[in-house]
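Numbering (our numbering), first residue to last: 389 to 526.
The beta-carbon is built from N, C-alpha and C at its ideal position, and this holds for glycine as well.
Some notes on the structure that comes next.
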């Protein structure tokens, strides 16, 4: 996420993690994402996949996003390599779940006032990752 096209050298300027405001900004984004998932009927299918308690999911997404965005590797320190697809295999993820996850995250980014240029970059990266998580048709 934070490399340039020049042989994997770090991209100049602040990381996406820094642009979001560090841990506080990432936590605000994650909190808004899960709050929306709980509040908005449009995300009901996605919410149903997560079970009754969102606490562990909130924490894991926060830890993951910190490192993915160029900040501290909290997730890796606790669990090792993210192995995202393997860790999501127990959950039935199709196009509806993917689309609701993305819509919920995009809405959270907009409501958290993520800068438009950064938001566009994140939306492209998140789409690729979310699409890769699909493990069933439909």
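Are the Cβ atoms of residue i and residue j separated by less than 8 Å?
i, j, result
"residue 517", "residue 457", "no"
"residue 407", "residue 506", "yes"
"residue 338", "residue 495", "There is simply no residue 338 to check, as the chain begins at 389 and stops at 526 in what is shown."
"residue 418", "residue 479", "no"
"residue 431", "residue 492", "yes"
By the three-class DSSP mapping on this structure, what secondary structure does residue i have?
i, result
"residue 492", "helix"
"residue 474", "helix"
"residue 433", "helix"
"residue 390", "Residue placement at residue 390 is flagged as unreliable, the pLDDT there being 47, under the threshold of 50; the coordinate-derived value follows with that caveat. Three-state DSSP puts residue 390 in coil, outside helix and strand."
"residue 454", "helix"
"residue 402", "coil"
"residue 409", "coil"
"residue 520", "helix"
Can you tell me whether residue i is buried or exposed, with buried defined as 16 or more other CB within 10 angstroms of its CB?
i, result
"residue 424", "buried"
"residue 453", "buried"
Worksheet item: Between the stretch 487 to 504 and the stretch 442 to 452, do at least 3 Cβ pairs fall closer than 8 Å?
Response: no
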